[in-house]
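Engineer: Please find one structure pasted underneath; my questions will follow.
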Amino acid sequence: MRSMPWLSILVIATMLCMAILAPLLAPYSPIDQTLRDKLLPPFWLEGGSSKYILGTDAFGRDILSRLIYGARVSLIVAGLALTVGGGVGLLIGIVAGYLGGIVETMLMRLVDAAFTFPAILFALLLAVTMGQGLGTLVIAISLLLWASFARIIRGEVLALKQREFVALAKVRGCSELRIMLTHILPNVLNTFMVLVTLNIGVVIIAEAALSFLGAGIPPPTPTWGLMVSEGRGRIAEAWWVSLIPGLAITSLVLSVNLFGDWLRDRLDPRLRQQ
Amino acid sequence: MGGFIARRLLQGLVLLVLVATVVFFLGRLTGNPVDLMLPEDATAEDRAHLIKALGLDGSLITQYRAFIGNALKGDLGTSLRMRQPAVDVFLSRLPNTLVLIPWALLLAMLVGIPLGVVAALNRGRILDRTAGTIAVLGIATPSFWLGIVLIFVFSVELGWLPSGRMGGPEHFVLPVITLGTFLTAGFMRLTRSSMLDVLESEYVKLARIKGLSESVVIWKHCLRNALIPVLTLWGVFVGNLITGAIVTETVFAWPGVGRLTYEAVIYRDFPLLQAVIILKAILILTINLVVDILYAYVDPRIRLS
Amino acid sequence: MQVFRRVGVVALALFSVLSLSAPSWAQEPKGTLIFAVESLAAQTLDPILETRPGNAVYQAPMYDSLVGFDLDKGGLGPGVAERWVMSEDGLSWTFHLRPGQTFHNGDPLTAHDVKFSLERQMSPKSLAAAAGSMRRSIKSIDVVDDLTVRVNTNEPQLGLPAALSRAVAPEGSIMPKKYLETVGEEEFRKKPIGSGPWKFVRSVPGDRIEFEAVSSAHWRGRPRFKSLHILQIPEESTRVAMVRTGEAAIASISPETVLGAGRGGIEVMTVPGTMQAVFQFYGTFRPSVQNDPISKPRVRQALSLAIDRQQVIEHVMAGKAQMPRPFATFAFTESLSVDRWKRWSEEAYRYDPALAKKILAEEGYPNGFELKFANVALPGTQFMISIGTAIADMWTKIGVKVTIKHYEWGVFPPMQRGEQPNLTGWASMFRTAGRPDAPWRYNTAFSPDSTERMLGDTDNCPETCKKFVDLYKAVINERDPGKRTALNDSMVELIAEQWIAVPIIEGMGYYAINSKKVGEFAAIPGRHELGDVFERIPHPDQKPWKK
Amino acid sequence: MSNENVLEVRDLVTHLFLRRGVVKAVDGVSFDLKRGEVLGLVGESGCGKSLTALSIMRLLPKGSARTLRGEVRLGGENILTRSPREMREIRGRRISMILQDPQTSLNPVFSVGEQLREAIFRRRRGSKAEVMQEAAGALRRVEIAAPDQRIGQFPHQMSGGMKQRVVGAIAISGQPEVLIADEPTTALDVTIQLQYLKLLKRLQAETGMAILFITHDFGVVARMCNRVAVMYAGRIVECGPVARIFEHPSHPYTQALIASVPRMSGTVGGRLTTIDGQPPSLLNLPAGCRFAARCGHVQAGCRDGYPPTVMVGAEHTADCWRLGRQ
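Top line first, the protein sequences correspond to chains D, Z, C and G.
In terms of this note's numbering, the first sequence opens at residue 1 and continues consecutively.
In terms of this note's numbering, the second sequence opens at residue 1 and continues consecutively.
In terms of this note's numbering, the third sequence opens at residue 1 and continues consecutively.
In terms of this note's numbering, the fourth sequence opens at residue 1 and continues consecutively.
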């Protein structure tokens with residue numbers, strides 16, 4: 001059995017703090033430009049100054065500040081997308097799994113449709129239709145998530161349906177709705193939570209990919225994905241612009257996953273199948 | 001079996017119509033190819049002319065009816081930009097993507113599955129942890145960034161490999177790695193977890209009781225079972241590859257369908273866009289069907305009905 | 001009289017072309033010239049199916065245009081026609097073709113091909129942007145003799161040669177009548193032939209187009225390279241990488257990467273005057289915004305004064321841009337007192353935040369005001385976003401509260417139509433391509449019946465709007481160059497003082513070049529695309545880059 | 001039945017290491033298994049029976065369980081010290097095992113024939129045809145009708161009873177000297193249970209192998225075994241010939257157990273007593289007699305130390321202070 005992943009928890013906590021206390025922590029505004037100070041390296045490199053600990057980007061914006069505010073945006077995106085997409089998935093999964101029959105068939109075909117339809121393209125279409133922005137991004141990423149959530153949750157529910165307490169509830173004459181809410185839902189919440197943690201990474205990566213394709217959060221608002229994407233052209237002469245946010249993404253996703261795995265082993269060995 | 005396939009095909013058809021409709025209207029919502037084809041200083045008259053020339057006049061409904069009608073006849077229209085049948089355009093690009101995918105899958109399987117097995121066998125030990133961490137790294141690195149870094153390191157700095165574009169074997173290395181990394185990680189994690197379940201199972205105990213050698217127990221009795229859930233994800237994975245190749249194809253200037261789709265969106269090439277989505281959907285549906293059939297073969301308990 | 005002067009100029013230009021291309025006749029073409037570009041657009045090689053950029057990048061090598069470039073100064077120059085004269089009544093243009101031109105299949109290029117090509121461009125199936133307006137203005141086309149074509153117009157069309165010049169539009173491309181009629185359209189699109197210095201070899205969709213140098217001399221200059229490959233490499237960092245590794249000799253890049261490319265130890269070539277980045281205001285004449293600050297010209301001027309253009313040039317454009325001239329005018333703009341306007345701009349477009357603040361105060365906005373700002377980038381001009389971001393930041397510094405919204409190019413044009421509800425009262429980024437004829441561009445921006453119609457629309461055309469309409473009419477019908485220049489000047493003046501379409505910088509085209517693969521060469525001023533330049537690109541040993 | 005021991009277990013200690021702590025599942029178990037006899041190992045579920053078996057087979061769950069002490073002598077040689085590869089040679093051919101749940105103990109993705117083949121193949125290499133012949137034979141021996149068809153079938157196509165027969169066939173196909181049957185019938189329907197027990201007995205009679213028969217059901221013991229060892233909380237508390245144990249159960253726990261089963265003699269209305277209280281948690285065992293907490297005759301001293309093993313009759317031992325003081 002794994003021991004508690006303290007390091008991961010530490011990392012996650014730090015990033016949460018960054019997100020919540022951004023205005024207090026950030027030395028500068030994330031969007032103020034000082035064009036004269038553009039592309040300064042981090043302080044430990046020659047040419048770097050203690051003024052900008054992690055250096056500056058092409059607009060002379062402080063990377064540290066952008067990183068801190070970026071944490072906020074990125075986590076908000078993750079939060080919303082997981083609530084929306086995960087929520088819908090949870091709902092559909094439970095309904096389909098529990099009611100079964102024609103409802104299940106139809107919902108599951110819908111899920112299949114979602115899998116055939118290139119989510120990233122959907123995101124693109126949305127972005128060009130509704131214009132780039134938080135809303136678009138969240139919807140797009142939710143569309144990317146709900147189907148897989150629905151599939152897995154449904155599987156869980158199918159298993160639960162066979163359990164005595166459900167049968168008992170039926171015997172006691174509980175309404176379907178009541179059973180779903182009071183018996184099924186609480187029992188799939190573990191699975192749900194684990195899925196959520198394991199998908200935070202997916203969301204953040206998706207956000208990055210969409211920024212790369214020009215369908216993410218529009219500049220100048222900082223998000224980690226956007227920062228990596230903006231800096232990609234400069235890996236040669238200013239690697240820090242994209243590497244630093246890149247590392248931030250990686251370490252967060254890494255921590256969240258390790259935490260998620262641990263949670264999974266703790267809560268729900270059954271979920272390993274998925 | 002036959003009945004199963006027939007039913008699946010029927011469902012597939014319904015699904016296609018659904019997808020087609022969504023693309024049609026969603027596409028139309030995103031604006032108008034004419035504006036993108038005209039220079040920014042074109043006159044209203046030039047617009048009118050071009051709209052007519054492209055056959056974009058007439059109400060949405062009429063256009064939609066025409067589209068569905070032709071689609072059922074197997075004609076998915078003509079690319080607005082390239083003035084060629086959209087299907088031809090797609091088919092001319094498809095092979096380029098399809099030559100990439102098997103290698104990515106191969107990489108993922110050759111690296112991911114054994115790594116997963118090894119991790120499972122050493123559960124909780126350092127080997128497991130490292131493998132797991134590597135896997136998450138694979139998942140946690142944005143593929144476009146990975147691609148660009150790879151180019152920078154292996155072509156610009158070391159000069160070992162070409163920066164991209166299709167070509168001889170050496171041209172495949174970086175794109176395949178970029179495309180395969182995520183997959184490898186996915187396979188590895190999945191194999192590990194299902195392997196863990198299998199290792200605890202009674203029939204593995206029995207196999208050991210028989211006194212079978214450890215390698216037979218693991219690579220024959222365990223793996224075959226462990227691969228079942230892996231296989232289920234195959235369909236999804238390959239689907240993702242076909243569509244998700246957009247980023248890789250962009251970075252490595254790989255003239256595949258992912259890139260084509262992206263351009264179809266950006267330039268509002270509606271017929272092409274519709275064709276691409278529909279054909280991809282068909283492709284993915286077929287793959288899923290095949291996977292299910294394979295599935296039934298690997299796992300005798302599954303009956304196709 | 002003027003006509004002859006005009007011809008003289010053209011002849012001179014012609015001479016310069018010949019002299020330029022002379023040395024290349026010396027040795028046989030060798031090697032392959034590889035050019036990496038962001039997009040191959042539609043990648044069709046039928047001129048009636050291609051819009052300007054595609055035409056200029058990869059159709060130009062194999063097709064000649066009726067009217068060509070002035071290679072040194074930019075703007076119009078001789079092409080398939082070595083000179084052109086307007087009839088006294090102004091109702092027809094006569095083009096005198098350069099003798100001895102042939103298509104790649106050996107057929108001679110004659111007046112019949114010219115007539116055929118123009119008519120094909122005007123035909124309904126043509127996607128050429130100007131097809132409509134050509135149909136309207138061109139009455140008929142007569143073949144006088146094998147080397148002379150007369151184009152009859154419904155009314156005097158001073159702009160016609162420009163409209164048929166590759167400097168402006170693709171419509172001038174000359175296609176082979178005989179070949180096209182014998183093999184048919186389908187086959188022509190598969191195996192296109194033109195009269196340019198490069199022969200079509202093959203086109204791989206989404207990947208590349210390959211050309212081969214013609215075996216004989218060509219008036220545009222005989223290529224130094226045996227073959228020319230144009231590759232589509234969408235990702236900029238990959239393009240730069242390929243130039244570094246020598247996989248490509250030349251790659252189009254954007255200002256963002258100019259810096260890196262430069263440091264990467266590769267040449268960066270810049271093409272001046274390819275475009276102007278402007279910020280402009282839609283529908284300021286509409287009643288709904290009468291009391292908005294931005295409906296006041298002086299406020300708009302203040303916004304201009306708040307922009308530190310040097311900063312933008314130096315830091316956003318990596319120093320590879322220059323101070324702009326008035327809206328849509330360049331060093332090569334025809335019939336305009338370009339020097340006067342150069343001086344004027346240096347004064348008018350200076351950086352003076354203090355004055356800007358002062359003006360705002362005088363106009364009653366001491367604490368600034370709210371400004372909505374639509375930031376637009378055309379495909380391949382991501383730096384427009386950067387410029388927008390930069391000036392938004394500068395405006396905030398004089399107290400204007402800017403809310404910036406980004407639009408993908410595709411969704412922007414529809415917003416310009418109708419009542420322009422989503423743009424009225426907004427400031428918005430725009431971009432105008434470098435082209436020699438100002439009136440044409442002004443028409444599309446300011447005429448009441450135009451798309452942008454910034455001064456007023458047909459049913460609501462205030463004072464300035466009326467003034468412009470009259471001036472424009474006068475300009476396009478004035479045939480005396482002197483008077484025409486005067487009228488052009490006053491038109492430019494009228495708009496400049498309105499501060500309604502304000503240039504930010506004059507942009508350039510940028511190319512990363514591997515100096516081990518190609519020698520030094522110059523692009524055509526105002527011409528971003530290299531389609532008409534490839535044949536003059538030397539090998540490194542022929543003309544090494546001077547350090 | 002000779003008197004020679006084919007399997008001797010001495011002071012076997014196997015602990016489970018869990019996050020919650022150390023479970024002393026097998027805590028000093030000793031017993032002998034004579035050639036050709038059937039020894040019942042009886043006890044409530046969770047008393048360590050199965051783990052004893054797995055310790056002997058050396059198939060403990062990886063990581064969590066470990067054998068700390070003791071000896072398992074198979075034909076005189078201690079197999080705990082054997083190398084894994086030597087152990088593999090021993091498994092299946094000298095000592096084999098039938099698992100509890102037929103549903104899960106066959107590999108779902110391989111045909112029955114294939115799974116049998118693997119087992120047989122280890123004993124005698126031969127052409128596929130021959131081996132398959134023998135596989136069919138093995139199925140016939142476990143009374144499976146139409147074995148030739150069955151061979152091609154997959155586990156999910158068979159009934160539970162039939163699967164368990166197949167497992168049996170696999171287990172004995174190596175002609176082991178010792179077969180451990182870990183509650184082989186608990187998962188089967190009552191009717192089938194009896195058949196299966198008969199089958200086992202017949203096979204045992206034919207092959208003369210010794211069987212360590214693990215069960216929680218004295219009824220089954222009475223039907224199957226020559227001797228019985230009663231296990232409680234990780235120790236064997238009483239051991240002796242079945243008949244003797246039934247007549248004079250010496251350990252209070254055994255007495256209670258026997259009291260709790262309907263009499264074999266079948267006198268109707270034999271009263272059913274149940275043992276009140278719970279067995280001690282193996283996580284922290286009480287000092288002294290582990291049954292003390294539930295024992296009717298508990299007295300001073302019972303809790304002082306673990307009781308001695310007392311000879312209460314011919315081949316009949318029990319761990320109890322009371323007996324010791326007699």
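In this text, a Cβ means the ideal position worked out from N, Cα and C, and glycines have one as well.
Check E185/C in the structure and name its three-state DSSP category.
Structural biologist: Three-state DSSP puts E185/C in a helix.
Engineer: Among the residues of its own chain, which have a CB less than 6 Å from the CB of A185/Z, if the five just before and after it don't count?
Structural biologist: Taken in chain order, the residues that qualify are A135, G138, I139.
Engineer: Just confirm the distance between the C-beta atoms of R224/C and I537/C, as a whole number of angstroms; I'd bet it's less than 8 Å.
Structural biologist: That belief holds up - the Cβ atoms of R224/C and I537/C are roughly 7 Å apart, short of 8 Å.
Engineer: Tell me, to the nearest whole angstrom, how far the beta carbon of A42/C is from that of E529/C; I am working on the premise that it is less than 8 Å.
Structural biologist: No, A42/C and E529/C are not in contact; Cβ-Cβ is about 15 Å, not under 8 Å.
Engineer: Kindly indicate which residue of K24/G, R10/G, L12/G, R19/G has the alpha-carbon position closest to the one of R290/G.
Structural biologist: Of the candidates K24/G, R10/G, L12/G, R19/G, the one whose C-alpha sits nearest the C-alpha of R290/G is K24/G.
Engineer: From what residue to what residue does the beta strand (DSSP E) around H96/C run?
Structural biologist: First-last of the beta strand (DSSP E) with H96/C: 92-97.
Engineer: Would you decide whether L263/D is buried or exposed? Buried here means 16 or more other CB atoms lie within 10 Å of its CB.
Structural biologist: Counting Cβ neighbours within 10 Å, L263/D comes out buried, since at least 16 surround it.
Engineer: Buried or exposed: I61/Z, going by 16 or more other Cβ atoms within 10 Å of its Cβ?
Structural biologist: Exposed, because fewer than 16 other Cβ atoms sit within 10 Å of the Cβ of I61/Z.
Engineer: Can you confirm whether P184/G, when its beta carbon is compared against all beta carbons of chain Z, has any partner nearer than 8 Å?
Structural biologist: So, not an interface residue.
Engineer: Just confirm the distance between the C-beta atoms of R192/Z and A120/Z, as a whole number of angstroms; I'd bet it's less than 8 Å.
Structural biologist: The pair is a contact, with the Cβ atoms about 5 Å apart (cut-off 8 Å).
Engineer: Quick one, which residues of the segment 268-281 of chain Z are near chain D if we go by CB-CB under 9 Å, in chain order?
Structural biologist: Taking 9 Å as the Cβ-Cβ cut-off against chain D, the residues of the segment 268-281 of chain Z that qualify are R268, L273, V276, I277, K280, A281.
Engineer: Could you give the DSSP three-state label for S24/C: helix, strand or coil?
Structural biologist: Legend: pLDDT at S24/C = 44, less than 50; position of this residue unreliable, value from coordinates given subsequently. Helix.
Engineer: Check whether the Cβ of I233/C lies closer than 8 Å to any Cβ atom in chain Z.
Structural biologist: It does; some Cβ of chain Z falls within 8 Å.
Engineer: Could you give the distance in angstroms between the alpha-carbon of P242/G and the alpha-carbon of A181/G?
Structural biologist: The question names Pro, but residue 242/G is Val in the sequence shown. When rounded, the distance between both Cα atoms is 18 Å.
Engineer: What three-state label does DSSP hand N375/C in the structure shown?
Structural biologist: Strand, per DSSP.
Engineer: Verify the CB distance criterion: does N225/Z have a CB-CB separation below 8 Å to chain G?
Structural biologist: So yes, N225/Z belongs to the interface.
Engineer: Skipping 5 residues on each side, what residues in its chain have a beta carbon closer than 8 Å to that of V142/G?
Structural biologist: Same-chain partners within the cutoff: R165, V166, G168, A169, L199, L203.
Engineer: Among residues of its own chain, excluding the 5 on either side of D37/D, which ones have a beta-carbon nearer than 8 Å to its beta-carbon?
Structural biologist: Result list for D37/D: K51, Y52, T56, G60, in chain order.
Engineer: Residues of chain D with CB closer than 7 Å to the CB of T245/C, please, in chain order.
Structural biologist: Ordered by position in chain D, no residue passes the 7 Å Cβ test against T245/C, which lies about 12 Å from the chain.
Engineer: To be precise: take each residue of the segment 225-243 of chain D, compare its Cβ to all Cβ atoms of chain C, and keep it if any distance is under 8 Å. Which residues remain?
Structural biologist: Those would be R232, G233, R234, I235, A236, E237, A238, in chain order.
Engineer: Rounded to whole angstroms, what's the CA-CA distance from L313/D to L25/D? Just pull it up for me.
Structural biologist: Absent from the structure is residue 313/D, since the part of chain D shown begins at 1 and ends at 274.
Engineer: Measuring straight from C-alpha to C-alpha, what distance separates R10/G and K49/G?
Structural biologist: So the two alpha carbons sit approximately 15 Å from each other.
Engineer: Looking only at DSSP bridge pairs, what is Q121/C linked to?
Structural biologist: The partner list for Q121/C (beta bridge, DSSP) is empty, contrary to what the question assumes.
Engineer: Leaving out five residues on either side along the sequence, give the residues of the same chain with a beta carbon under 7 Å from the beta carbon of E4/G.
Structural biologist: So the list reads K34, R35, once near-sequence residues are dropped.
Engineer: Run through chain Z and tell me which residues come within less than 7 Å of P104/G, C-beta to C-beta.
Structural biologist: Sequence inspection shows Thr at residue 104/G; the Pro mentioned does not correspond to that position. Ordered by position in chain Z, the residues that pass the 7 Å Cβ test against T104/G are S201, E202, Y203.
Engineer: May I have a chain-ordered list of the beta strand (DSSP E) segments no shorter than 3 residues that lie completely inside the segment 123-176 of chain D?
Structural biologist: Correct list: empty.
Engineer: What span of residues does the alpha helix (DSSP H) with D62/D cover, start to end?
Structural biologist: Run containing D62/D: none; DSSP gives neither H nor E here.
Engineer: Using the rule of at least 16 other Cβ atoms within 10 Å of the residue's Cβ for burial, across every protein chain shown, is L160/C buried or exposed?
Structural biologist: Its Cβ being crowded by 16 or more others within 10 Å, L160/C is buried.
Engineer: Chain C beta carbons: is any one of them nearer than 8 Å to that of S155/Z?
Structural biologist: With 8 Å as the cut-off, S155/Z counts as an interface residue toward chain C.
Engineer: Given this structure, state the Cα-to-Cα distance separating R244/G from A222/G, to the nearest angstrom.
Structural biologist: R244/G and A222/G: Cα-Cα distance of roughly 11 Å.
Engineer: What first and last residue would you give for the alpha helix (DSSP H) that runs through W341/C?
Structural biologist: Looking at the DSSP string, the run of the alpha helix (DSSP H) that includes W341/C is 338-348.
Engineer: Which same chain residues end up closer than 8 Å to C47/G when comparing Cβ atoms and leaving out the 5 residues on each side of it in sequence?
Structural biologist: If we look at C47/G and ignore the five residues flanking it on each side, its Cβ neighbours are M231, Y232, A233, G234, P279.
Engineer: Which one or two residues does DSSP pair with A427/C in a beta bridge?
Structural biologist: DSSP output for A427/C lists F281/C, F373/C as bridge partner(s).
Engineer: Note down, in chain order, every chain A residue with its Cβ under 8 Å from the Cβ of A113/D.
Structural biologist: Looking at the structure shown, chain A is missing, and the protein chains on hand are D, Z, C and G.
Engineer: Classify L76/C: buried if its beta carbon has 16 or more other beta carbons within 10 angstroms, exposed otherwise.
Structural biologist: Looking at its Cβ environment, which holds 16 or more other Cβ atoms inside 10 Å, L76/C is buried.
Engineer: Would the segment 141-158 of chain Z count as touching the segment 166-180 of chain Z if we require 3 or more Cβ pairs under 8 Å?
Structural biologist: Yes, since at least three Cβ pairs between the segment 141-158 of chain Z and the segment 166-180 of chain Z fall closer than 8 Å, the two stretches touch.
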